[in-house]
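To start, the structure under review is shown below, and the notes come after it.
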Amino acid sequence: MVKISYDYTPVDLAASEPYPQGITMHRPLIRARITASNGNSLPWLVMPDSGADACLLPLSLAILLKLDVLSLPKTLTGGVGSSANVTYYDTVTLNLGSGIEFKAYVGFTAGMENVGFGLLGQDDSSTNITLSSCIGRNDSQLKRVRSSQKTPSRHILVSCAGPGARSLRGLAHFWRKCHGRCCSRPSCTCREPTSRRFSAAARDRPR
Amino acid sequence: MATAIVDLFDLLEGIPAGAWVAISERQHSVLAYGADAQTVLSEAQSKGEDQPLIVRVPEQASSMFF
Numbered sequence: 001m002v003k004i005s006y007d008y009t010p011v012d013l014a015a016s017e018p019y020p021q022g023i024t025m026h027r028p029l030i031r032a033r034i035t036a037s038n039g040n041s042l043p044w045l046v047m048p049d050s051g052a053d054a055c056l057l058p059l060s061l062a063i064l065l066k067l068d069v070l071s072l073p074k075t076l077t078g079g080v081g082s083s084a085n086v087t088y089y090d091t092v093t094l095n096l097g098s099g100i101e102f103k104a105y106v107g108f109t110a111g112m113e114n115v116g117f118g119l120l121g122q123d124d125s126s127t128n129i130t131l132s133s134c135i136g137r138n139d140s141q142l143k144r145v146r147s148s149q150k151t152p153s154r155h156i157l158v159s160c161a162g163p164g165a166r167s168l169r170g171l172a173h174f175w176r177k178c179h180g181r182c183c184s185r186p187s188c189t190c191r192e193p194t195s196r197r198f199s200a201a202a203r204d205r206p207r
Numbered sequence: 208m209a210t211a212i213v214d215l216f217d218l219l220e221g222i223p224a225g226a227w228v229a230i231s232e233r234q235h236s237v238l239a240y241g242a243d244a245q246t247v248l249s250e251a252q253s254k255g256e257d258q259p260l261i262v263r264v265p266e267q268a269s270s271m272f273f
């Protein structure tokens, strides 16, 4: 199992009755490149949602990818505030950057239109890849962040096992060589904070 | 390396709620926005950006997501 760290993205929400001062939420949005079965691809924002039964994307993306939606297998999906959404499925390639690329059987539904981004839920078993997430390295870290009221340094760990993990292992080796001292070498594209976090994650990983 | 997307939200300032937006990641700028994603993509491509990042401005600025 290989893990990669992603920063959470702060999103300012406007004032509302329960939050009269407004509130800043933190969402683990990841830029992904999504390639449909027909070969067309586009970059898109996705958010890991380890509790979701499957990966879901807005129906608009299927249209932009020029998928023949009506010919795709379909079923009904639902979530908070919506139900019985017709969802069309296609096998797409998801590239999350950092060498993470895998195929997944994902749904396209109008139920995701209002948010625009996609959800990375549990993957189907046919690709032999699992995608899971957790908040921070551990819960206690998150609690400390909350209690300090400082700018959160939350991040998400995306775990990947299966064929996609091979390239990750090479990347992990690269990160470990940085040892948190993000270098000035021209070939190094990492940032110091992420490098430190990843070094810690690599250190904690069972060998 | 995870792609930093924090700055994208600054780009969305002033764009109507619910709009689809095409963003050039190279130029770090908004290429087009509108109510229809297909139109927005076409407009961005006509400006020379074949692979813009398409995002949607939330319809309710105070909405939490569950």
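Chains as they are written, first to last, in the numbering used here: chain A, 1 to 207; chain B, 208 to 273. Quick reminder that beta carbons are idealized off the backbone N, C-alpha and C, glycines included.
Distance cutoff 8 Å, beta carbons only. Does residue i sit that close to anything in chain A?
{"i": "Ala-229(B)", "result": "no"}
{"i": "Gln-234(B)", "result": "no"}
{"i": "Ala-244(B)", "result": "yes"}
{"i": "Gln-252(B)", "result": "no"}
{"i": "Ala-209(B)", "result": "Confidence at Ala-209(B) is low in this model, with a pLDDT of 49, below 50, so the placement of that residue should be treated as unreliable; the coordinate-derived value is given next. So yes, Ala-209(B) belongs to the interface."}
{"i": "Leu-218(B)", "result": "no"}
{"i": "Ile-222(B)", "result": "no"}
{"i": "Val-262(B)", "result": "yes"}
{"i": "Glu-256(B)", "result": "no"}
{"i": "Leu-238(B)", "result": "no"}
Ignore the nearest five residues each way along the sequence and tell me which others in residue i's own chain have a CB closer than 6 Å to its CB.
{"i": "Ser-184(A)", "result": "For Ser-184(A), the predicted model reports a pLDDT of 43, less than 50, meaning its position is unreliable; a value from the coordinates is still stated below. Correct list: empty, nothing qualifies."}
{"i": "Gly-111(A)", "result": "Ser-82 and Asn-85"}
{"i": "Val-11(A)", "result": "Met-25 and Arg-27"}
{"i": "Gly-255(B)", "result": "none"}
{"i": "Asn-40(A)", "result": "Leu-65 and Lys-66"}
{"i": "Ala-62(A)", "result": "Val-69 and Phe-108"}
Over the uninterrupted beta strand (DSSP E) stretch that includes residue i, give me the two end residues.
{"i": "Ser-83(A)", "result": "82-97"}
{"i": "Ser-231(B)", "result": "227-231"}
{"i": "Ile-261(B)", "result": "260-263"}
{"i": "Ile-100(A)", "result": "100-109"}
{"i": "Leu-120(A)", "result": "118-120"}
{"i": "Ala-224(B)", "result": "That residue, Ala-224(B), is in no beta strand (DSSP E); it is neither H nor E in DSSP."}
{"i": "Val-237(B)", "result": "236-241"}
Excluding sequence positions up to five away, which residues of its chain have a Cβ less than 7 Å from the Cβ of residue i?
{"i": "Leu-67(A)", "result": "Ala-36, Asn-38 and Asp-90"}
{"i": "Leu-219(B)", "result": "Val-228 and Val-264"}
{"i": "Leu-29(A)", "result": "Thr-9, Leu-45, Met-47 and Phe-117"}
{"i": "Gly-79(A)", "result": "Gly-111"}
{"i": "Leu-72(A)", "result": "Tyr-88, Tyr-89 and Asp-90"}
{"i": "Ile-23(A)", "result": "Leu-13"}
Return the Cβ separation of residue i and residue j in integer angstroms, given the expectation that the two are a contact with Cβ distance under 8 Å.
{"i": "Tyr-88(A)", "j": "Phe-108(A)", "result": "5 Å"}
{"i": "Leu-59(A)", "j": "Glu-113(A)", "result": "6 Å"}
{"i": "Leu-94(A)", "j": "Thr-77(A)", "result": "That belief does not hold up - the Cβ atoms of Leu-94(A) and Thr-77(A) are roughly 18 Å apart, past 8 Å."}
{"i": "Ala-224(B)", "j": "Ala-239(B)", "result": "In fact, because the Cβ distance is near 17 Å, the residues do not count as touching under 8 Å."}
{"i": "Ala-54(A)", "j": "Gln-122(A)", "result": "6 Å"}
{"i": "Ala-32(A)", "j": "Leu-119(A)", "result": "Not really, about 11 Å apart at Cβ, beyond 8 Å."}
{"i": "Ala-104(A)", "j": "Val-115(A)", "result": "Not quite, the Cβ-Cβ distance comes to about 19 Å (not below 8 Å), so this is no contact."}
{"i": "Pro-259(B)", "j": "Ser-236(B)", "result": "Not confirmed; about 10 Å, so no contact."}
Can you find a C-beta in chain B that's less than 8 Å from the C-beta of residue i?
{"i": "Ile-63(A)", "result": "yes"}
{"i": "Leu-42(A)", "result": "yes"}
{"i": "Cys-160(A)", "result": "Its pLDDT being 45, under 50, Cys-160(A) is placed unreliably by the model, and the measurement read from it follows with that caveat. So, not an interface residue."}
{"i": "Gly-116(A)", "result": "yes"}
{"i": "Leu-45(A)", "result": "yes"}
{"i": "Leu-60(A)", "result": "Residue identity differs from the one stated: residue 60(A) is Ser in this sequence, not Leu. With 8 Å as the cut-off, Ser-60(A) counts as an interface residue toward chain B."}
{"i": "Phe-174(A)", "result": "Because the pLDDT at Phe-174(A) is just 33, under 50, the model does not fix this residue reliably, and the point stays unresolved."}
Which stretch, first to last residue, makes up the alpha helix (DSSP H) that contains residue i?
{"i": "Val-247(B)", "result": "244-253"}
Short of 8 Å in beta carbon distance, which residues of its chain neighbour residue i, apart from the five on each side in sequence? Order them along the chain.
{"i": "Ala-242(B)", "result": "Gly-225, Ala-226 and Trp-227"}
In the segment 1-78 of chain A, which residue ranges form an unbroken alpha helix (DSSP H) of at least 4 residues, counting only runs that do not cross its ends?
59-64
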